[in-house]
Amino acid sequence: MRGCLSKQSHHSEKKVILIAGPDDQGYGHTLSLSFKDCDVIGKQNIQEAKRYYLTHRVDIAVLSNIPAIPCLSLLKFLKNIKPHVNIIILTRNGSEEFAVDAFRKGATDYFSASFELKELETRIGCLLISEEVKNRRRSDYGLDNFRTAVNYASEHYNERIELRCVAHLAGMSLSCFQRSFKKKMGVTFTEYVNNLRISRAKKMLENSNLSISEIAFMSGFSNQYHFTRTFKKISNICPSLYRNSLKS
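Quick note: the sequence shown uses the working numbering, first residue 811, plus one each step.
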């Protein structure tokens, strides 16, 4: 997840995530640990949440829906005030009908009772990256979708890269991005990233005394076995033999 959002906006002003409504699961605390470059604001009282929303910057609002405090009217209010803000609904007692109504009223995403917190973190991370890219595009109209994805891979090759986040960066759905990238670049995005990682690994094998294991992790692989297998597939030689061939 962190790899998806290791770089926040270049703007000095922090992004703001507002948690509106009861937070008995402690989402606010968890999100504040995951997104240290953001201000995570919790307002359990709905009127206080409205006041904060009206008077402060908010980039993402997370609304809790419980029987005592149905959130659809709050959702409608917030979208009428600031239509550009991304709003995520969390509900314990949702239904398909409720979800459809929420999306019609402007919800960006919807999570029912069974969701994993990691899913929420990933979605928020993607939304923050998407906003960052929009800001960049305002100052660089020549930046095309695939260059954005390629640049992101170049900057984050040594981290975990979420394909869904990169698709958001490129302004496409996941399936459209995968299809379009393969057509334009001749390889899948995963293959492109692996080629990039192996290229960086070769430079480290040539110019450092780091162990194979260290180079594997520094190149973005989760373990040495995966690194060695990918290296051999791309280079037709394993990393240790490649390093030995340089010495001879």
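From the three backbone atoms N, C-alpha and C, an ideal C-beta is built for every residue, glycine too.
* Within the segment 818-874, note down every full alpha helix (DSSP H) run reaching 4 residues or more, in order along the chain. => 837-844, 856-865
* To do: Could you give the DSSP three-state label for THR901: helix, strand or coil?
  => THR901 falls in the strand class under three-state DSSP.
* Asked: Taking contact to mean at least 3 C-beta pairs separated by less than 8 angstroms, is the segment 1025-1041 in contact with the segment 1006-1013?
  -> yes
* Going by other Cβ atoms of all chains shown within 10 Å of its Cβ, with 16 needed for buried, is CYS986 buried or exposed? -> exposed
* TYR920, DSSP secondary structure in three states -> strand
* **Rounded separation between LEU938 and VAL976 - CA only** => 12 angstroms
* TYR1035 burial status per 10 Å Cβ neighbour count (16 or more: buried) -> Exposed, because fewer than 16 other Cβ atoms sit within 10 Å of the Cβ of TYR1035.
* Asked: So, LEU1006 versus TYR1052, is the Cβ gap smaller than 8 angstroms?
  -> Cβ distance not < 8 angstroms, so LEU1006 and TYR1052 don't count as in contact.
* To do: Would you kindly report the start and end of the unbroken alpha helix (DSSP H) that includes SER1049?
  => Correcting the residue identity first, residue 1049 is Pro in this sequence and not Ser. Counting along the chain, the alpha helix (DSSP H) containing PRO1049 begins and ends at 1049-1057.
* Could you name the residues of the same chain whose beta carbon sits closer than 8 angstroms to that of PHE887, not counting the 5 residues immediately before and after it, in chain order? => LYS860
* For ASN968, name the three-state secondary structure that DSSP assigns. => coil
* Quick one, are the C-beta atoms of GLU931 and SER844 less than 8 angstroms apart? -> yes
* Inspect the beta-carbon positions of TYR920 and ILE934 and report whether they are closer than 8 angstroms. => no
* Rounded to whole angstroms, what's the CA-CA distance from GLY836 to ILE870? Just pull it up for me. => The alpha-carbon atoms of GLY836 and ILE870 are separated by roughly 17 angstroms.
* Asked: Grouping DSSP H, G and I as helix and E and B as strand, with all else coil, what is ASN1019?
  -> coil
* In terms of alpha-carbon separation, which member of LYS1042, LYS825, LYS915, PHE1037 lies closest to VAL868? -> Cα-wise, what sits closest to VAL868 is LYS825.
* Asked: When the Cα atoms are used, what is the spatial distance from ILE897 to GLY916?
  -> 8 angstroms
* To do: For ASN896, write down the residues that DSSP places opposite it in a beta bridge.
  => ILE870
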